[in-house]
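Q: Numbering (our numbering), first residue to last: 92 to 427.
No residue lacks a Cβ here, since even glycine has one placed at the ideal position from N, Cα and C.
One structure coming up, written as structure tokens, with questions to follow.
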């Protein structure tokens, strides 16, 4: 059944999903806060800035305002950086109705409040129908219809299945999950480890180092996640190890690219500028470090990256600190 869908945020990911949804036969209206970018999208019928070479279909329209995009929609998809989600939501609350389904696709934790996106939604709209879409999914590949698999999570399984039906096609497969906490945290925390993997690559280290970074990274992601109420099995799925693999290993990953620059000696603040897009891992590292401290969860990789991006230690000192930690048993949780 054709759905009316508003897409807020016309970066690479928002655009790729808008194209996917429109090609699935849905009526899509996309809006972006940058008026110059929005005008370029209208004129070119293509996102030449963030997703070049992929033309918009006839069912993808550009809205002049968030109100125009949202009014009458069945689904509102938020594809804005996590640090701007609150303001984006507040901006459209007057136009939302109880029947609308809200879907977030950004991966991060609000730095000031340490809240996940679903927590912000519950604070602002306690009865909202909310789902999160996450998993190993580079916009550059989704836009080119390269087979991709993601997960739709909602506390209401029927709602997750609705999102699944709206997005799913022969090249974009969607699974469902009711563990919103785990799916959100998996998508957010893997960006920290991707920064670390990039730093390792930038320093000239090899596959052994990256494998260690990823394996011990998923271990500490799981520790924080379960301490916050997530299901441990979620971290073995698409939004956990799946997203971790793709983000740590691909040059499409802005977090990895930023890490590479830092590993090569570029100052963290300058590295983010050179990447040219929002590097969510820089914000999530700060938030996760504070959450781990609050909950008493040991996260040595996160702590080392936190110290590195805040210029407290350099990358080589961070590696040495990790390698010379007190010896541990690998699988006994109480000894981690």
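Which whole-angstrom value is the C-beta distance of residue 108 and residue 196, which I expect to be below 8 Å?
A: Locating residue 108 in the chain shown gives position 17, where the first residue counts as 1. Locating residue 196 in the chain shown gives position 105, where the first residue counts as 1. That pair is a contact at about 6 Å.
Q: Taking the DSSP output, what are the residues bridged to residue 122?
A: As a working note, residue 122 is residue 31 in the chain shown. Note: residue 122 sits in a beta bridge opposite 99.
Q: So which of 264, 244, 332 has the shortest CA-CA distance to residue 285?
A: Your numbering for residue 285 matches position 194 in the chain shown. The residue with the shortest Cα to Cα distance from residue 285 is 332.
Q: Determine which residues share a DSSP beta bridge with residue 166 and list them.
A: Position 75 of the chain shown, counted from the start, is the residue given in the question as residue 166. BP columns for residue 166 point to 96, 192.
Q: Within a Cβ cutoff of 6 Å, which residues of the same chain sit near residue 262, ignoring the five residues on either side of it in sequence?
A: Reading the chain shown from its first residue, position 171 is the one you call residue 262. Cβ within range, chain order: 236, 238.
Q: If we count the other Cβ atoms within 10 Å of its Cβ and call it buried at 16 or more, is residue 420 buried or exposed?
A: Position 329 of the chain shown holds residue 420. Its Cβ having fewer than 16 others within 10 Å, residue 420 is exposed.
Q: So, does the region 114-121 touch the region 192-206, judging by three or more C-beta pairs under 8 Å?
A: no
Q: Could you check which residue in 416, 380, 179, 147 has the C-alpha nearest to that of residue 401?
A: Against the chain shown, residue 401 aligns to sequence position 310. Looking at the Cα atoms, 380 is the closest of the given residues.
Q: Thinking residue 350 and residue 290 are a contact (beta carbons under 8 Å), I'd like their distance in whole angstroms, please.
A: Against the chain shown, residue 350 aligns to sequence position 259. Against the chain shown, residue 290 aligns to sequence position 199. The pair is a contact, with the Cβ atoms about 4 Å apart (cut-off 8 Å).
Q: Could I get the ranges of all uninterrupted alpha helix (DSSP H) runs contained in the region 105-161, with 4 residues as the minimum, in chain order?
A: Runs of the alpha helix (DSSP H) inside the region 105-161: 126-135, 157-161.
Q: Pairs of beta-carbons, one from the region 117-136 and one from the region 157-173, closer than 8 Å: are there three or more?
A: yes
Q: With DSSP as the reference, please indicate the residues paired to residue 266 in a beta bridge.
A: Numbered from 1 along the chain shown, position 175 holds the residue referred to as residue 266. BP columns for residue 266 point to 242.
Q: Rounded to the nearest angstrom, what separates residue 427 and residue 314 at their Cα positions?
A: Within the chain shown, residue 427 is the residue found at index 336, counting from 1. Within the chain shown, residue 314 is the residue found at index 223, counting from 1. Legend: pLDDT at residue 427 = 44, less than 50; position of this residue unreliable, no value from coordinates given.
Q: DSSP state of residue 407, grouped into three classes?
A: By 1-based counting over the chain shown, the position of residue 407 is 316. In this structure, residue 407 counts as helix in the three-state DSSP scheme.
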